[in-house]
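Worksheet: the structure to be examined is printed underneath.
If you want it as structure tokens, here you go:
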């Protein structure tokens, strides 16, 4: 157990008095510094070298008065000597020291004065010997009191992972791999951290052990580490009486961390050097919240190349835990902090809370939650101390008062290595917080040996009964960031895992992998009180076809949504960062009167909180509407179809050059070449062509050998397919695989995918001679009225909240978006001619505004930065006309946000669908249900 600050200060005062008259460097400097170390309880061990021979800057030989590698360099002078010169001399020695030996502190002293220079920050402090007790905390690292402001983005995190990576690679290359390697690395991580944070005393004990007690060639390093691990797993009272003194100084750790006997690892010179390089870093500065992810990434070659890109930032973790529990706990603390008894009960409550992450990975959500809970407990201790001081009770029994511990935290992780890291990471942050408390109250506090452990289970969370890890009646909060994985990215095993969870849920095969955790959390919480959950998820679970499947089941299980973050970019601050468009949804079995939606004007920015009465599955303050796939529209409007699908391997499609070459070689082919539009070509005005041979007589086709080559290539491509439907299409290789093209007139083209940056999805009219590809949807015989509604702010808002996404781009759907859209005039009063005419005139104005910029593509026209004012004004006029058409149905004259528009449209949807016939449910041979709607 370390000394408390009061005792250290008392020793510093005595030291100052003892050495008040010292003046001679030659005879008194060495005993002065030996006595100085005893202030901090460092005795009976040589921690530093006196008169170390090194080269000065310039190459001349010199002698460092005192050197403790990685910790302290001292240049001592006789009383009255110039300290400026002494500091220059001391700094000069640094240039020829190995990087890993560079000290954290450089001190110059003439007995009467100390000048301390902190190498990392450049900070310099000078004080007199008689004031040493006032400044003794500057030497806190010698006593195990070193506390740093832990920064997630501190480069030391990546440096540490890189150095551990080099050690990992060398061990693996030597044949030491698998479970043994993972456990060894986790143990070394703990030792490195313990060396810099006071767990091992004196500081750098592990580094000194490796450097001084193992051979330079590394030949005995493996056995010596094994011996050390055995010591760390043995209580001091049970150790051999003849134990090596340097080994005997290591504290008993427990926690079963060093319990397992590992195969002996073989080291060489380079591997020993790699370990010592890792020792040289300041491990007290690492952030356990992100280091776990970095540490795990050293095991993956691909992740290593982009080290630092895949950890979850603390800011994003706080977006989840603050509304889930932290904000409420801080508010409660503010209410009780002035009342001793209430404060006591609140502190007891903190100790009773439990946290469960069923997809914990390296534990970053648990680590940040634990750190924040300990920060709150520190506030409680401060408040209690202040209340005690008013009554004349100044002492604080830190050991008796700290109650929050790592055994309140539970997790499940499918991979063994991250599960081990998660447990150690929680111990690391626990010790960092213990150091905070130690500095705050001047009483050294460390939970060594480890008596409490986090409960991290290495298992498959989708197959394990969560009650085995933590019974639901004991759980306070379920939280985390489960794996996303859309259906096309799930492995066969993952699909089977998800299917096991989703038994009996129709349409579950279309769900993202994360949905398994939502359903299991709902089952886990069902019917219980005092428990809540929140997960980070891809925004796809609140959009498109997944909504009705997942949230229908969540409603069946009695879940209510308490808070939600709408779509934002989930990323970190590292270069090459991974970014995903996410939502956070907080749920529970009990309804709450106070709910909050967090909105983002900029998905990369910070949200603003909006209090709401209700949150539905689309994260809108609106009724619980679930939009299922529909075959036909809920309103009497033209049906929307997909464009024609080539299924041709590209052989029927041509760019300008290919088309020109074909027509030049076979002029008769020109008759059978038509313009072709995919979404990309339509939006960006890219010319593309296709062979449209629907009505081509066989005789004419045989007279075009180059065209026949393309047809033959289509046939071969289709025949080589593994899909029976595609193989059958090889019988008609001259035709598109699916043909839906109108034969005459115009049609309205809607690209299925469009940038989320646009306020309006670009749509437009096309002539039937232009072939619409299957990257688009189309409405044959559409009118200006239909164009006006579909290109309005009202419809675009509905689309943004209900459509699926491809990455972050909008993915339009006729079955979810168009067929469920509530048009004006279908929920009561029919649409008036006045409103219809106003919409048609405004729609024509939009087309006229586009025509003014005939050389610009729709991508140019609808880019928010380049949209012409004339077009923007035309759209605003159209929006006003469309909004007015909805007013007879209860719509507003104007709307503050898209969410407000969608809330109204959901209410309108309910009114319209209540007038429809009851869906007929038919059961197929596979027992799946199909909904058939009559309009």
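Residue numbers (UniProt numbering): 1 to 935. Note that CB positions come from ideal geometry on N, CA and C, so glycine has one too.
Chain-order list of residues whose beta-carbon lies under 8 angstroms from that of residue i (same chain, five-residue window excluded)
i	result
residue 346	332, 333, 336 and 380
residue 699	none
residue 520	358, 461, 462, 466 and 501
residue 874	842, 845, 846, 848 and 849
From the options, residue whose alpha carbon lies closest to that of residue i
i	options	result
residue 376	350, 366, 128 and 386	350
residue 124	64, 722 and 106	106
residue 885	872, 839, 861 and 871	839
residue 750	499, 438 and 812	812
residue 102	74, 535, 638 and 82	74
residue 910	418, 623 and 24	623
residue 328	594, 711, 165 and 882	594
residue 634	814, 503, 418 and 705	814
residue 599	609, 590 and 648	609
residue 585	534, 632 and 591	534
residue 965	68, 545, 794 and 64	Residue 965 is absent from the structure shown; the chain starts at 1 and stops at 935.
residue 269	282, 316, 211 and 256	211
residue 743	765, 769 and 755	769
residue 39	55, 197, 93 and 141	141
residue 894	878, 531 and 906	878
residue 236	382, 853, 373 and 250	250
residue 705	730, 650, 666 and 685	666
Alpha-carbon spacing of residue i relative to residue j, whole angstroms
i	j	result
residue 714	residue 645	13 angstroms
residue 776	residue 738	13 angstroms
residue 11	residue 37	10 angstroms
residue 309	residue 718	Because the pLDDT of residue 309 is 44, which lies under 50, any placement of that residue in the model is unreliable, and the number read from its coordinates should be weighed accordingly. Taking the straight line from one Cα to the other gives about 41 angstroms.
residue 450	residue 95	41 angstroms
residue 606	residue 569	10 angstroms
residue 21	residue 33	15 angstroms
residue 690	residue 847	27 angstroms
residue 491	residue 505	20 angstroms
residue 28	residue 113	15 angstroms
residue 436	residue 203	17 angstroms
residue 213	residue 224	8 angstroms
residue 702	residue 711	11 angstroms
residue 637	residue 816	15 angstroms
residue 855	residue 790	24 angstroms
residue 903	residue 384	48 angstroms
residue 821	residue 795	8 angstroms
residue 443	residue 7	9 angstroms
residue 597	residue 901	16 angstroms
residue 296	residue 897	42 angstroms
residue 121	residue 259	39 angstroms
residue 937	residue 787	Outside the displayed range of the chain (1 to 935) lies residue 937, so it cannot be described from this structure.
residue 427	residue 367	9 angstroms
Own chain residues within Cβ distance below 7 angstroms of residue i, not counting five before or after
i	result
residue 583	537, 539, 542, 564, 565, 566, 567 and 619
residue 757	864
residue 277	100 and 163
residue 23	78, 79 and 111
residue 545	510, 629, 804 and 816
Proximal residues to residue i (C-beta, below 6 angstroms), its chain only, five neighbours per side dropped
i	result
residue 888	829
residue 325	477
residue 687	656
- Task: Pair every Cβ in the stretch 271 to 289 with every Cβ in the stretch 423 to 436, then say whether three or more of these pairs are closer than 8 angstroms.
- Result: yes
- Message: I'd like to know if the stretch 400 to 414 and the stretch 168 to 179 are in contact, where contact means that at least 3 CB-CB pairs between them fall below 8 angstroms.
- Response: Taking 8 angstroms as the limit for Cβ pairs, the verdict is that the stretch 168 to 179 does not touch the stretch 400 to 414.
- Task: Please go through the stretch 777 to 811 and give each complete alpha helix (DSSP H) segment of 4 or more residues, from N-terminal end onward.
- Result: 784 to 790 and 793 to 802
- Can we say the stretch 131 to 140 touches the stretch 238 to 246, given the rule of at least three CB pairs closer than 8 angstroms? Contact fails: fewer than three Cβ-Cβ distances are below 8 angstroms.
- Quick one: which unbroken beta strand (DSSP E) runs of 3-plus residues sit fully inside the stretch 111 to 191? Chain order, please. 113 to 118 and 124 to 128
- Message: Can you confirm whether the stretch 828 to 836 touches the stretch 859 to 873 when touching is taken to mean that 3 or more C-beta pairs between the two stretches lie within less than 8 angstroms?
- Response: no
- Message: Below 8 angstroms, how does it come out for the stretch 456 to 468 and the stretch 317 to 324: are there three or more Cβ pairs, yes or no?
- Response: no
- Query: Along the chain, which unbroken stretches of the alpha helix (DSSP H) at least 4 residues long are found entirely within the stretch 308 to 385?
  - Reply: 314 to 321, 327 to 336 and 340 to 352
- Given 8 angstroms as the limit, is there contact between the stretch 676 to 694 and the stretch 649 to 656, that is, 3 or more CB pairs closer than that? yes
- Message: In chain order, what are the residue ranges of uninterrupted beta strand (DSSP E) at least 3 long that sit wholly in the stretch 541 to 618?
- Response: 560 to 570, 580 to 588, 595 to 599 and 608 to 612
- Message: Suppose only complete runs of 4+ residues qualify. What are the alpha helix (DSSP H) ranges in the stretch 413 to 492, listed by chain order?
- Response: 416 to 441 and 466 to 469
- Kindly provide the ranges of any alpha helix (DSSP H) runs that are 4 or more residues long and lie completely inside the stretch 688 to 752, ordered along the chain. 698 to 702, 705 to 719 and 724 to 728
- Message: Runs of 3 residues minimum, wholly inside the stretch 55 to 100: which ones carry the beta strand (DSSP E) assignment?
- Response: 61 to 68 and 72 to 76
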